[in-house]
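Written below as structure tokens is the structure these notes are about.
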Amino acid sequence: MQTNQNLPPSTAKEAAELPVSRSLIFCLANELQWDQATLERALSHAGYQTSRSDWLARCRLFFMLCGAALILAGVAAFFAFNWQDLHKFAKFALIQTGVVAGAWGAWRKGLDSLVGRCCLFAAAFLAGVHLAVYGQIYQTGADPYGLFIAWGVLTAAWVAIGRQPGLWMLATVLANLSLILYWTQMLYPHSSWIEDFGGPLLMLGQMVWDQGLALSLLLLNGLVLVMWELCAERGVSWMQGRWFPRVVATGVLALMASASLSVIFDGWEHGARLAPLTPVGFVVVVGGCLWFYQRRKPDLLVLAECALAIILVVNSLIARLWADSFEFALFMALLVIGQTAFAALWLRELARKIRKGAPHAR
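Using full-length UniProt numbering, count along the sequence shown one by one with no gaps and you end on 362.
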């Protein structure tokens with residue numbers, strides 16, 4: 001398709017050297033003033049135009065994933081409802097049958113197929129259910145963090161060979177739960193019945209209050225995110241999807257923003273020695289995300305989350321230091337409006353540059 005014949009020599013040369021992408025097609029359409037029909041033909045020729053078969057494939061994927069999730073939920077509900085009536089060997093046999101069936105389905109259909117990936121994920125999930133049932137039947141007395149560590153170790157090989165973001169997300173969740181439970185139960189155990197009564201809600205709060213735990217979770221999830229993005233930049237095909245790094249980046253930004261707010265409003269009481277490192281970690285995380293997801297791999301979702309985190313932390317710090325009158329509240333309202341408007345304009349300009357394929361926005 002000769003699309004660069006009417007371009008200036010420099011623009012035509014740059015366009016010829018760039019790989020065909022959606023951004024390049026929109027850039028050419030803008031330069032050549034294509035009409036809508038020409039743009040749609042170019043997108044269809046390059047394989048970027050969504051067809052009826054593409055929509056059917058996406059619907060099939062959605063319903064297949066929902067079906068797999070409902071099956072796994074049904075397995076858990078089945079054991080919860082029939083727990084007292086099932087013999088212990090029947091419980092083990094049913095779960096082990098599910099694990100073997102999932103592994104066999106993944107081998108039979110192949111790890112490159114959607115069915116094979118769903119089967120492997122189901123097998124990895126049921127492996128954890130098997131460990132939980134074993135602990136309930138024999139009352140081993142093991143700490144809960146040991147369950148998640150053992151679950152992660154048993155499924156590590158499947159995560160390595162599975163080549164799918166779903167298993168990586170499962171492994172990341174298990175690693176985070178193991179760290180949180182080990183920190184709250186072994187390193188800094190609960191000291192009162194109120195803390196024991198709080199249970200999971202207390203653990204979520206401790207992620208924010210305990211700066212040492214927050215920084216440890218930052219290192220863990222930051223390492224996972226960096227590894228994923230480096231492999232994606234090196235061209236690993238199954239790591240080109242964006243939902244996994246977006247979820248991890250969202251978690252990291254939410255964690256550091258919440259921990260920074262805790263330091264701002266709660267002082268240095270919790271994790272006194274490490275509290276000064278939390279604002280530093282926040283600046284490093286937000287700065288790194290702003291640079292990478294604006295210059296190297298544009299992602300408006302993560303950039304919008306960075307803008308939101310900055311607005312929350314900066315305004316909270318200003319309010320903590322100088323809030324002392326009603327007039328200041330009016331000033332804060334105007335400040336928030338101005339910051340939000342500036343962030344919206346900045347994101348809109350970035351979206352325009354990404355759409356046109358500008359070099360500094362790639």
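Each residue gets a CB set at the ideal place from its N, CA and C atoms; glycine is no exception.
In terms of residue numbering, what span does the alpha helix (DSSP H) encompassing residue i cover?
i, result
"Gly166", "Pro165 to Tyr182"
"His87", "Note, His87: premise wrong, no alpha helix (DSSP H); not H, not E."
"Val133", "Leu114 to Tyr138"
"Ala309", "Leu300 to Trp322"
"Ser260", "Trp243 to Asp266"
"Gly230", "The identity of residue 230 in the sequence shown is Leu, whereas the question assumes Gly. Counting along the chain, the alpha helix (DSSP H) containing Leu230 begins and ends at Gln211 to Glu233."
"Phe148", "Pro144 to Leu154"
Looking at the structure shown, is residue i part of a helix, part of a strand, or coil, going by DSSP?
i, result
"Lys109", "helix"
"Lys353", "helix"
"Ala275", "coil"
"Asp35", "coil"
"Val336", "helix"
"Gln240", "coil"
"Ser325", "coil"
"Gln2", "Any reading at Gln2 must be qualified, since the residue scores a pLDDT of 43, below 50, and its modelled position is unreliable; the value itself is stated next. Coil at Gln2, not helix or strand."
"Tyr188", "coil"
Rounding to the nearest angstrom, what Cα-Cα distance links residue i and residue j in this structure?
i, j, result
"Phe89", "Met256", "46 Å"
"Gly271", "Ala29", "Confidence at Gly271 is low in this model, with a pLDDT of 49, below 50, so its placement is unreliable and no value can be given for it."
"Leu225", "Leu215", "15 Å"
"Ala68", "Met332", "48 Å"
"Trp209", "Val100", "42 Å"
"Trp243", "Ala275", "31 Å"
"Leu303", "Pro245", "13 Å"
"Ala93", "Tyr145", "25 Å"
"Gly166", "Phe121", "7 Å"
"residue 370", "Ala307", "Outside the shown range of the chain (1 to 362) lies residue 370, about which nothing can therefore be said."
"Val285", "Val248", "12 Å"
"Ala156", "Ala171", "8 Å"
"Arg234", "Arg296", "13 Å"
"Leu114", "Gly162", "11 Å"
"Phe265", "Leu147", "35 Å"
"Ala123", "Gly98", "7 Å"
"Ala37", "Leu65", "35 Å"
"Ser316", "Ala57", "46 Å"
"Tyr182", "Leu277", "22 Å"
"Leu86", "Cys118", "27 Å"
"Gln164", "Asn82", "33 Å"
"Arg348", "Ser325", "35 Å"
"Phe62", "Arg320", "46 Å"
"Arg41", "Leu32", "14 Å"
"Trp346", "Ile318", "23 Å"
"Asp54", "Ala343", "34 Å"
"Gln103", "Val75", "Here residue 103 turns out to be Ala, not Gln, going by the sequence shown. Distance between the alpha carbons of Ala103 and Val75: 17 Å."
"Gly105", "Cys59", "22 Å"
"Trp158", "Thr250", "26 Å"
"Gln139", "Ile71", "27 Å"
"Arg108", "Ala160", "18 Å"
"Ala341", "Ile149", "45 Å"
"Trp291", "Ile337", "25 Å"
From this set, the options, which residue's C-alpha is nearest residue i's C-alpha?
i, options, result
"Gly287", "Leu181, Ala309, Leu56 and Ala69", "Ala309"
"Ala77", "Arg58, Leu126, Trp104 and Glu31", "Leu126"
"Pro298", "Glu229, Gly74 and Val313", "Glu229"
"Cys289", "Arg320, Ile318, Leu253 and Leu261", "Leu253"
"Val314", "Ser260, Arg355, Ala157 and Met64", "Ser260"
"Gln136", "Gly241, Phe79 and Gly116", "Phe79"
"Ile95", "Tyr188, Arg117 and Tyr134", "Tyr134"
"Ser237", "Trp104, Asn82 and Asp112", "Asp112"
"Leu213", "Leu345, Phe328, Leu187 and Cys231", "Leu187"
"Thr184", "Ala160, Val159, Trp158 and Asp143", "Asp143"
CB-CB under 6 Å to residue i, same chain, minus the five flanking residues each way: which ones, in chain order?
i, result
"Arg52", "none"
"Gln339", "Ile311"
"Trp34", "none"
"Leu39", "Ala29"
"Cys231", "Met239"
Return the chain-ordered list of same chain residues with a C-beta closer than 7 Å to the C-beta of residue i, the five sequence neighbours on each side being excluded.
i, result
"residue 437", "With the chain covering 1 to 362 only, the question about residue 437 has no answer from this structure."
"Leu217", "Asn176, Leu179, Met207 and Leu255"
"Trp151", "Ala127, Gly128, Leu131 and Leu174"
"Ala358", "Low confidence applies here, because Ala358 scores a pLDDT of 49, under 50, leaving its location unreliable; read the following figure in that light. Here the set comprises nothing."
"Gly110", "Gly116"
"Gly281", "Leu215, Leu218 and Met256"
"Phe328", "Trp322"
Can you give me the Cβ contacts of residue i inside the same chain, cut-off strictly under 8 Å, excluding the 5 residues immediately before and after it?
i, result
"Leu350", "Gln294, Pro298, Leu300, Leu303 and Ala361"
"Met169", "Phe244 and Val247"
"Gly222", "Val252 and Val285"
"Leu220", "Ala175, Asn176 and Leu179"
"Gln84", "none"
"Gly241", "Pro165"
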